[in-house]
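S.K.: Take this structure first; my questions come after.
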Amino acid sequence: MLNNWETESDPRAELAELPERVGRQVARRFKGADWEDLRQDAWIWLLERPEMVEEYLEKHGENALGYIERNMRRFLTERRGAEAERTFNTTSIENEMEAGRL
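Read in order, the letters of the sequence shown are residues 7 to 108 in the working numbering.
Set out below in structure tokens:
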């Protein structure tokens with residue numbers, strides 16, 4: 007018999023839902039970010055790390071999804087943050103050049 011916190015679901019089946027969910031969450035944080043691009047980046051991130059995913063699933067069972075989701079979200083957030091910073095810096099330089107200060 008299962009306890010209240012235990013489920014019979016397979017973590018591998020739920021793993022397929024992570025890229026879309028995380029992509030949407032990260033897209034909400036960044037203005038102008040396309041969630042479909044983020045979803046694709048999340049899938050690429052996930053498919054590039056099969057050993058890590060298997061290791062997490064073996065060691066942590068259902069808790070593995072939380073670890074994988076956190077790592078995926080951190081990757082996407084850092085990537086979008088770096089892109090936003092580059093865009094801001096480029097725009098700032100262009101504005102300074104137009105103003106004749108550079």
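Yeah, the Cβ is synthetic: ideal placement off N, Cα and C, and Gly gets one too.
For Ala39, which residues from the same chain have a beta carbon less than 6 angstroms from its beta carbon, with the 5 sequence-adjacent residues on both sides left out?
M.R.: The answer, listed in chain order, is Ala33, Arg86.
S.K.: Just checking, does the stretch 62-69 make contact with the stretch 36-54 on the three C-beta pairs under 8 angstroms criterion?
M.R.: No, the stretch 62-69 does not touch the stretch 36-54.
S.K.: Just the Cα atoms here: how many angstroms apart are Gln31 and Ala19?
M.R.: For Gln31 and Ala19, the distance between alpha carbons rounds to 20 angstroms.
S.K.: Report the residue from Asn69, Ala88, Asp47, Gly106 whose alpha carbon sits nearest the alpha carbon of Met78.
M.R.: Considering only alpha carbons, the answer is Asp47.
S.K.: Our contact map puts Arg45 next to Pro25 with C-beta atoms below 8 angstroms; I'd like the distance itself, whole angstroms only.
M.R.: So it is a contact: roughly 5 angstroms between Cβ atoms.
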